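Below you can see the structure in the form of structure tokens.
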């Protein structure tokens, strides 16, 4: 089981590496903005849209946020470190952008743990970082598998001492769409708000 798990992660890492290499080659072919994060503009190996219910049950797609830069993060509310850190960094980044620019950014938190992340829990957790942040919850395992496959996001349950104390391994990164709904950036977590501010400013100005 352990070998199988690490084998899956190795294969996913290889696929992501290939996708990012292609992204770098594409980014070097034009006069694209000088982003601090990885520019994946034009890379067709990642998803271009989604259809997921928010915490009120309304199905959301990328088209709902046309005119805004959209940050799409995959995580879960019981995450002890990466998820709250990233949400806090994004909250701080929006403050540094200023109110006018921040209105042109939409942060989406997609849970990879819908088993525990009920709409009520997600609806409390996500807006606590910023009232504008929206939580999205795949309706079932099939929907979760689809969106994570589309965006090449790894996730796996890691058993705990009790059935409800498990954690989730998951890709620690975000995707960013521009105001026209085109996928532009792959952002690794843990960089602090600075790169977020720099790149979001390029996308919303």
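In mature numbering (1 follows the signal peptide of the UniProt record, and there is no 0), the protein residues as written are -27 to -1, 1 to 178. Just so you know, even glycine gets a beta-carbon here, dropped at the ideal spot from N, CA and C. Source: prediction; values computed, not measured.
Mapping the DSSP letters down to three states, classify residue i as helix, strand or coil.
i	result
residue 21	coil
residue -5	Confidence at residue -5 is low in this model, with a pLDDT of 49, below 50, so the placement of that residue should be treated as unreliable; the coordinate-derived value is given next. Residue state, collapsed to three classes: helix.
residue 177	helix
residue 38	helix
residue 137	helix
residue 172	helix
residue 53	coil
residue 165	coil
Report the partner residues of residue i according to the DSSP bridge assignment.
i	result
residue 26	32
residue 148	45 and 159
residue 12	158
residue 143	128
I'd like the list of long-range same chain contacts for residue i, defined as Cβ closer than 6 Å, with 5 residues on each side in sequence excluded.
i	result
residue 20	123 and 124
residue 28	92, 95, 96 and 108
residue 145	55 and 162
Taking 6 Å as the cut-off, is the CB of residue i close to at least one heavy atom of the ligand FAD?
i	result
residue 135	This structure lacks the ligand FAD, and indeed carries no ligand of any kind.
Got a sec? Which residues, its chain only, sit under 8 Å from residue i by beta carbon, not counting five neighbours each side?
i	result
residue 45	23, 81, 83, 124, 147, 148, 149 and 150
TODO: Give, in chain order, every unbroken run of the alpha helix (DSSP H) that is at least 4 residues long and sits entirely within the region 55 to 130.
DONE: 55 to 70, 72 to 75, 92 to 98 and 114 to 123
- [ ] Could you tell me whether the region 112 to 131 touches the region 7 to 23, where touching means 3 or more Cβ pairs closer than 8 Å?
- [x] In short, these stretches touch, since the Cβ pair count reaches three.
Task: Touch test, the region 165 to 176 against the region 61 to 81, Cβ-Cβ under 8 Å, three pairs minimum - done: yes
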